[in-house]
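Presented below is the structure to which this report refers.
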Amino acid sequence: MSGGEPPDFAERVYALVRRIPPGRVTTYGRIARAAGAARSARMVGWLLHHSPPEVSDVAHRVVNRNGELTGGWAWGHPAVMRALLEDEGVTFVDEYQVDLEKHLWDPLDELDQSG
DNA sequence: AACATGACGGTAG
DNA sequence: TCTACCGCCATGT
315 MSGGEPPDFA ERVYALVRRI PPGRVTTYGR IARAAGAARS ARMVGWLLHH SPPEVSDVAH
375 RVVNRNGELT GGWAWGHPAV MRALLEDEGV TFVDEYQVDL EKHLWDPLDE LDQSG
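Numbering (this note's numbering), first residue to last: 315 to 429.
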C-alpha cells in the first residue's frame with residue numbers, strides 16, 4: 315500500500331470541525347480556507363452533510379458566512395440546531411442567525427496560537 | 001457524457 | 001439591500 319500521501323481534504327475538514335470549542339462557531343469558508351482550499355466552501359458543506367456521528371455531533375457549530383443556520387434542517391428543523399448552540403452559550407441576533415462578532419472562532423487562529 | 005443540484009463565498013451591478 | 005454570476009467539485013439523473 316502506498317503511504318505518505320497527504321490527508322484527504324475531508325479528513326482535514328473533519329479534524330478542524332472537531333476542534334471547534336463549545337460556545338463558539340465558525341463558517342464553512344473559514345474551514346475550507348484552513349483546510350487549504352479557500353474556494354471549496356461548498357465541499358465543506360457537502361462533507362458535513364455526509365459526516366460520521368463523531369463529526370455531526372459538533373457540526374452545529376458551523377454556520378454560513380452570515381451566521382445563519384443554513385444547515386439547521388439537518389437536525390429536522392433549524393430550531394434544534396439553535397437549541398444546541400444556545401445550550402453552549404451562543405447568542406443570536408435573529409431567529410436563526412448567531413452573533414458572529416461575539417462567538418466567531420477561526421481555525422487559522424488556533425493554528426497560529428498552538429503552532 | 002451533459003445537465004442540475006448543493007449544510008458556500010466573493011464580487012459586481 | 002438584493003439579485004445575478006462565477007468558482008469549486010461530488011453526486012444524482
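Here a beta-carbon is modelled for each residue, glycine too, at the ideal position from N, C-alpha and C. Predicted model only: the values in this text are computed from it and were never measured.
D408 is bridged by DSSP to Q411. H374 sits close to L398, with the two beta carbons spaced by under 7 Å.
Between A329 and P336, the alpha-carbon positions lie close to 15 Å from each other. For R379, same chain residues with a beta-carbon under 6 Å away, outside a window of 5 residues either side, are T341 and G343 in chain order.
The alpha-carbon separation between A349 and E409 amounts to approximately 30 Å. Annotation for H391: no residue places its beta carbon closer than 6 Å to its own, counting only its chain and skipping 5 residues before and after.
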